[in-house]
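Read through the structure below, which is laid out as structure tokens, and then see the notes.
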Amino acid sequence: MENRFGLKDALLTFFLLVVIILIVLAMVQFDRQWEQIQKVRGQLDEQSKELRTINASLANGIAVNPGAVATTQATPTTGAGADPFATLRAVTTTPDFARGDWLIDMFPGQVAKLTPMLSTDVYASNVQEQILDSLAQRDPDTLAWTGLIAKNWKIIDNSAAYDAYVAKQKEAGKTAEEIAKDPALPEAVRIHFTLRDNVRFSDGEPLTADDVVFSYDFTMNPAIAAPRDRAYLERIKRVEKKGPYDVEFVYAEPYFEAFNLAAGMAILPKHFYEKFKPEDFNQSVGLLLGSGPYRLEDPESWKPGTPIQLVRNERYWGLAPAFERLVYQEISSDKARLATFRNGKADLFSASPEQYRELIKDDALMSHVQNFEYQNLIGGYRYVAWNEKNPLFADKRVRQALTMLLDRERMIQQIAYGYGVLATGPFNPQSKQSNPDVKGWPFDVEKAKALLADAGFKLGADNVLRMPDGKPFEFKLTYPAGGSNYDQMALFMKDAYSRAGIVLKPDPLEWGAFTQRLEEKNFEAISLGWSAGVEGDIYQMFHSSQMGPGGDDFMSYKSEKLDGLIDAARRTMDEPARMKLWQQAHAVLHEDQPYTFLWYGKSLIFVDKRVENIHRVTLGLNPRTEWYVPTKAQKWTK
Amino acid sequence: MLNYIIRRLLLMIPTIIGITLLVFLVMAMSPGGLTAGIRGQEGNMRPDQRKKIEEYYKKRYGLDQPLYRQYLRWLNHVLPFGAKEAGEGFPRKWPVGLKSPDLGESLMRHRPVIDVVAEALPVTILLNLITVPVIYAISITAGIYAARRRGNSFDVAWGTTSLALWSIPTMWAGVMFLGLFANRDVINIFPASGLHDTLAEQMRFLPSWPGGVFARGWLLDFAWHLTLPIICLTYGGFAFMSKLMRASVLENLSADFARTARAKGLTDRAVLFRHVLSNSVLPLITVAAGILPGLLGGSLIVESIFSINGMGRLMIDAIFQKDRELVMSEAFVIGIVSLVSLLVADLCYAAADPRVTYE
């Protein structure tokens, strides 16, 4: 028959077998090479460790001579800060402190780009923070600036002369634009930084003033696709090199965040980024090299979807952190993230209030993890904004009444499961900006009703409150659809207001449509959240100049007193004086209630139990560089 | 036949334009328009800074131009011919002519669409390359077996089971798998997410026994991570395919040629495998033609549950973020693949069955 196994078939089978065997052999061969590479890698690691010890002993050798240290500390400066590694140094003396092991964190989204300035997601900035260093940083506990790359700095505040000159020119009848162009206008602020001379990038090149100047110039180059960073740094007029380790930041106008901008700017290595053409840089995804405590194994080849693993930078000038590697896993599914954490394949898990409440009762999980609940200084608040163009909300007594009708403490209990802190204004209650004398409006239905009656509202026959012209008190609360517990919040408010005869209609909107409504100011009341900085700037949401198209004063709120306070605060470089102004602004906002401030959310975090020395600081939790795993508990490195 | 093919190919042009135009208009007219995505990304930025960024991107991606120009601009980009910069393509000196097609740059990721797709597509294709043969192998075997013993306990049991499997939503099954088989507190034998272990980089390629302890190796680790997703992707396909196979085998077994074959003295086995089988697989081949575009689309549900970055999630993310360029390109490519595979299926009918002609 024609289907019999013939000679041709036999040959073909034989040939196929040979090919398969060859492939297997090739695979084994590759495997052997792989092992060789691993060996070479291990040797390299050891060598760099040795290098670190040599470096450390060299540094100690210098410290033996106390005179040298004394002279550097004696230089007159307006700031240098304390030793940025004082806490870490103290931790290293604890008996079970050990270096080694990995810390595995999870991102709920995918990192699209790691290249600085091009990346847009918060995950990428988390990674960059570990790799890029800045001139100074805020101490996470005292919030004072301490020098990192910068040894010390001098702030030359010339704003008085600037103000005087501007005032004089204004009297002479010149417009603001003309004054800004005037070459004789004195520069308002100069900040002089002196850099440490022992800082190196992770590829071994020294960090000098040229790199600082380059970091600014590179960002400001219009050919680079960095509109976001440019928008921030625009306030800086120029950055000048004053010596191999001296730079000066120059500002045309007085600006309260002048120092933050300069000190917080990530310093990029000139020799590394310079070699890319702007078009190539704009298309890149993983060009990341810096002088921070960690580095990418290969600063050029990372691609989205490949694992993000940072290794300790053995050339770091400061005190080396404990973890050998920081690993970031991208797991989008909530269930899978929890499962991964539960199985000990990840060390950190940040939970929603609802999850947190359930998980702390889960004994199997709690036996191997520790939990932290804290109010983050840079965590945001939830609010309801009242559109003052609408006759319903034009009167501040009505807005105060609308706040007093809400039992906000109960809202926190029911909607945020108790993991929130009542907000009385736009400043975090822990920050110095917050006015300690401002107490939130109480939950007082009777007082609220009285205020509404004062404002001319009367209860109709159908139990609905009516305006003096007979129109019912009825409005739509617009909020983003599908957002965390916004629905619950709208229902709670509907219920609370109906007791005073006010009709609230929930109006959830898809995010795209929602932002369009905000832009067009086409809403009655709207609910959303703001996140905060260490020092919040309320200009964009409450200054009346922001009422126009594109501004964030979408409720068309205007208070001349507040405008004056905000303007003054933003021009005041002196911190205590500025804080007083912010506190007054807080009081004005409390009185006027352009928003009903609801609550600040709490951060709810679980961490694997083997990680030690995690504790609460003003800013949130202490930085991960201070955490460690005792040798016995180490699990990823043998 | 050639006439028919040319006619069908020409018809594809208005169809593709129709598909992309529809997708474009729906995106442009959705609330917030195309800039909503860009705006939504900016969060806490100050209004003046936000405006600058918006303007920058609007200009870069031509979002400030009228809609018809935006569409024509996009169409011109993706076609291999049309308006081009002089000095590129062919003929070099003309402003119009042949050029390399360009899928554009993703509005949200600010990277070439082709790169973004190139990262997601291999995973999706790999999943499907395993899934489709598994579904086919199991359903063809089960279909034949059920047809040979029509009405017996296996036939009934398989029919019921596969229908039951078909009715289980993947979303539920995936989450149950995670909760049961990837849970330290129940059974922890499978990984919960991703395609590789955290330590995969340090692994050898093949399994090994360093110091007498079994080490999985990279290859086995990968297969182990693929197990649960593949189960989720396959189990639903059995019912449909095996029923189709069973019906087709039954029909052919009672056909005249099968009776003739049996009459000339062939065993039942020979009749089935030599004569009936090849005829019965035909409907499955035509079904396969319809699956091709789905191969590129990926499965959103399985990809989301097991945190695999494939085409399904890319598409959904792009739609939610209103990433026009990415959505349009995917619609364009999947549209072309669908139309071509439909044409191929029609031609296969003619090739397989001499009664079908397109003259």
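Chains as they are written, first to last, in our numbering: chain U, 2 to 639; chain W, 6 to 364.
Each residue gets a CB set at the ideal place from its N, CA and C atoms; glycine is no exception.
For P270 (chain U), the number of other beta carbons within 10 angstroms of its own is at least 16, and it is reported as buried. DSSP places W512 (chain U) inside the alpha helix (DSSP H), whose first and last residues are W512 to E521. Those residues of the region 31-58 of chain U placed with their C-beta closer than 8 angstroms to a C-beta in chain W are F31, D32, W35, E36 and Q39, ordered along the chain.
For P100 (chain W), no beta strand (DSSP E) encloses it, and the DSSP letter there is neither H nor E. Under the 7 angstroms criterion on CB atoms, P228 (chain U) is classed as interfacial with respect to chain W. DSSP, reduced to helix, strand and coil, places A267 (chain U) within a strand of the structure shown.
When secondary structure is reduced to three states using DSSP, F245 (chain W) falls in the helix class.
R572 (chain U) sits away from P187 (chain U), with the two beta carbons spaced by 7 angstroms or more.
Within the region 5-30 of chain U, no run of beta strand (DSSP E) at least 3 residues long lies entirely inside it. Sorting U:I503, U:S532, U:S292 and U:L89 by C-alpha distance to the C-alpha of S135 (chain U) places U:S292 at the top.
Interface criterion not met: the Cβ of P300 (chain U) is under 7 angstroms from no Cβ in chain W.
Under a criterion of Cβ atoms nearer than 7 angstroms, the residues of chain W adjacent to A337 (chain U) are, in order, L183, A197, S198, I310, F311 and S312.
In the DSSP assignment, W146 (chain U) falls within the beta strand (DSSP E) that extends over W146 to G148.
Close partners of N193 (chain W) in chain U (Cβ separation under 7 angstroms): N344. In terms of Cβ geometry, S312 (chain W) and S333 (chain U) form a close pair [threshold 7 angstroms].
Q594 (chain U) is not a Cβ neighbour of R383 (chain U), given a cutoff of 7 angstroms. Relative to the Cα of A462 (chain U), the nearest Cα in the group U:E241, U:K472 and U:D455 belongs to U:K472. I22 (chain W) and E235 (chain U) have their C-alpha atoms spaced approximately 44 angstroms apart.
Considering only W:E206, W:S158, W:I236 and W:A228, the residue with the shortest C-alpha distance to L183 (chain W) is W:I236. Secondary structure of I539 (chain U) (DSSP, three-state): coil. D218 (chain U): member of the alpha helix (DSSP H) spanning A210 to M221, first to last residue. Nearest Cα to G179 (chain W) within the set W:F195, W:T165 and W:L225: W:F195.
The alpha-carbon separation between V128 (chain U) and R625 (chain U) amounts to approximately 12 angstroms. At least 7 angstroms separates the CB of A177 (chain U) from every CB of chain W.
Per DSSP, the beta-bridge partners of Y375 (chain U) are U:S604. Interface annotation, A232 (chain U): in contact with chain W, CB-CB separation under 7 angstroms. Contact check for Q310 (chain U) against V328 (chain U) passes: the beta carbons are separated by less than 7 angstroms.
In the three-state reduction of the DSSP assignment, G205 (chain U) falls in the coil class.
For W154 (chain U), the enclosing beta strand (DSSP E) starts and ends at A151 to D158.
For K459 (chain U), DSSP records a beta bridge to U:R467.
At a Cβ-Cβ threshold of 7 angstroms, L305 (chain W) and G317 (chain W) count as neighbours. By the beta-carbon neighbour count (other beta carbons within 10 angstroms, threshold 16), A386 (chain U) is buried. Per DSSP, reduced to three states, the secondary structure at L288 (chain U) is coil, with no helix or strand assignment.
If you check the CB distance, T136 (chain W) and L225 (chain W) do not come in under 7 angstroms. For P212 (chain W) against G199 (chain W), the beta-carbon gap comes to about 20 angstroms, at or over 8 angstroms, which does not count as contact. For the pair D212 (chain U) and N314 (chain U), the Cα-to-Cα distance works out to about 19 angstroms.
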